[in-house]
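**Q** If you're matching positions, the sequence shown starts at 0 in numbering that gives the first Met the number 0 and goes up one per residue. The beta-carbon is built from N, C-alpha and C at its ideal position, and this holds for glycine as well. Keep in mind that this is a model prediction, so the values were computed, not measured. Before I ask anything, here is the structure I am working with.
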Amino acid sequence: MAEVAASVAAPRPTLLRRGLWWAADYVYAGRRQLALFSFPWSIGRPRPTPDRWRRGDPRLPEVYLLPGVYEHWTFLRPLGDALAAAGHRVCVVHGLGVNRRGIPDTADRLARMLAETPAPSAGRVIVAHSKGGLIGKHVLVTSGAAVEAAQAAARGQDPTDAAARATPPSGERPLGLLGLVAVATPFGGARRARIFVDPSIRAFLPDDETIVMLGRETSINGRIVSVFGPYDPHIPEGSALDGATNIAVPAAGHFRLLDSPETHKAVLDGIALLGRPDAA
0 MAEVAASVAA PRPTLLRRGL WWAADYVYAG RRQLALFSFP WSIGRPRPTP
50 DRWRRGDPRL PEVYLLPGVY EHWTFLRPLG DALAAAGHRV CVVHGLGVNR
100 RGIPDTADRL ARMLAETPAP SAGRVIVAHS KGGLIGKHVL VTSGAAVEAA
150 QAAARGQDPT DAAARATPPS GERPLGLLGL VAVATPFGGA RRARIFVDPS
200 IRAFLPDDET IVMLGRETSI NGRIVSVFGP YDPHIPEGSA LDGATNIAVP
250 AAGHFRLLDS PETHKAVLDG IALLGRPDAA
C-alpha cells in the first residue's frame, strides 16, 4: 500500500499556536470524558451501542472501535457515528473499562472475542485511537496464533504448543481482519511517558518490551493506515509508520482530531484502501 505524503512540508507551528491547540485538545477531552456520565444507565453496566451502529451495508467491512488509555469506548462516539453514517456496521469491545490493561492482554481479549463469531464476507477492520492502535497491531501480529490456540483448546490440546506452531499461510487474514486504521498512535513509543509514574502510561516508553516487539514486526505494516495531525502534544515523535499508509490531516491535537470531519474522511478512505483486493 502506498504511503500518502504531503505535497508541501508544513511549517512548524509557533509556540503560541501549539499552546492554543494543547488547550483546545484538553477541553475537548474533558467534554468527552464528562459525556460518559450523561448516559442514563447505571455506572458499571455496559453502555449499549446505538442501534444504528448495528445496521449497515454487508458489502462494507465491519468496524471494531478501540479507544486509547483512560478512554471508555464512548470517547470514540463521534467517529463511530461517522462510520455508521457511511454505511459500516460498528462494534465495540465491551469490558475494557478505561483501557488500562496491558497491550498483550487486551489484544488477546479482542482476538478471543473475534474468534467467537464467523467473520463477515466483507471482512473486519480495527479502527483505533492512540493505545488502541498498538493493541490493534498486536492483534494483527498474533491473530494467527490466537486462532490456532482457540482451535487447539476446543480439541482438548495444549493451546500453548499450538500458538507456538501457528504460522498463517501467506495472504491469509486470520479472524477476517483486513487491517488497522490507527488515529494518533505512538507506534515508536512516546518519550514523554517518562514524566508519569502510572504503569499504564509508562508502557508507551520507546524501550518498553511490547513497543520494541511491535516495532520489529514490520511485515504487517502494509495492512495499517496511520492517521495523524500536524501537532500532537502527547507524541512528539509522531505517528508515521514505515511501510504503512500515512495520512496527515489538518486537525491538530491528540484527542480533538477524533471529532474532525477531515479525520473521519481519512479513516473512511483508509478502510476503503484496506478493503481493496490488491491491498497489502
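1) Rounded to a whole number of angstroms, what is the C-alpha to C-alpha distance between A84 and Y25?
2) Taking C-beta to C-beta, are V248 and L240 nearer than 8 Å?
3) Output the residue ranges of the beta strand (DSSP E) runs that lie fully inside the region 40 to 112 and measure 3 residues or longer, sorted by chain position.
4) Under DSSP, the alpha helix (DSSP H) around R201 begins and ends at which residues?
5) Identify whether G135 lies in helix, strand or coil by the three-state DSSP scheme.
6) Roughly how many angstroms lie between the CA atoms of T184 and G132, to the nearest whole one?
7) Would you please state the rounded distance, in angstroms, between the beta carbons of R58 and A118? I believe it to be under 8 Å.
8) Tell me the DSSP secondary structure of G228 in three-state form.
9) Which residues does DSSP pair with V124 in a beta bridge?
10) Out of curiosity, what's the CA-to-CA distance linking T262 and G237?
11) Note down, in chain order, each residue of its chain lying with its Cβ closer than 8 Å to the Cβ of R193, except the 5 sequence neighbours on either side.
12) Is A243 near V224, with beta carbons less than 8 Å apart?
13) I219 by DSSP, collapsed to three states: which one?
14) Going by DSSP, name the residue or residues bridged to T244.
15) Under the rule that 16 or more other beta-carbon atoms within 10 Å means buried, what is L82, buried or exposed?
16) Could you check if L64 is buried or exposed, using at least 16 other CB atoms within 10 Å of its CB as the buried criterion?
17) Go ahead and pull the three-state DSSP assignment for P260.
18) Take the Cβ of I42 as the centre, count every other Cβ of all protein chains shown within 10 Å, and call the residue buried at 16 or more, exposed below.
19) When you compare only the Cα positions, how much space is there between F186 and D50?
20) Taking the C-alpha atoms as reference points, what is the distance between A325 and P235?
21) Rounded to whole angstroms, what's the CA-CA distance from D268 to L139? Just pull it up for me.
22) Which residue from P77, R31 and Y27 puts its Cα closest to that of V126?
23) Taking buried to mean at least 16 other C-beta atoms within 10 Å of its own C-beta, is A22 buried or exposed?
24) If we ignore side chains and look at the alpha-carbon of each, how far apart do L176 and V124 end up?
25) Among R88, H128, G86 and A114, which has the Cα closest to the Cα of V97?
**A** Well, looking at it:
1) 27 Å
2) no
3) 61 to 65 and 89 to 91
4) P198 to R201
5) helix
6) 6 Å
7) The pair is not a contact, with the Cβ atoms about 14 Å apart (cut-off 8 Å).
8) coil
9) V62 and G178
10) 16 Å
11) R201 and L204
12) yes
13) coil
14) V224
15) buried
16) buried
17) helix
18) Because I42 carries a pLDDT of 49, less than 50, the predicted location of this residue cannot be relied on, and no value is offered for it.
19) 33 Å
20) Past the boundaries of the shown model lies residue 325; the chain is included only from 0 to 279, so the question cannot be answered.
21) 20 Å
22) P77
23) exposed
24) 6 Å
25) H128
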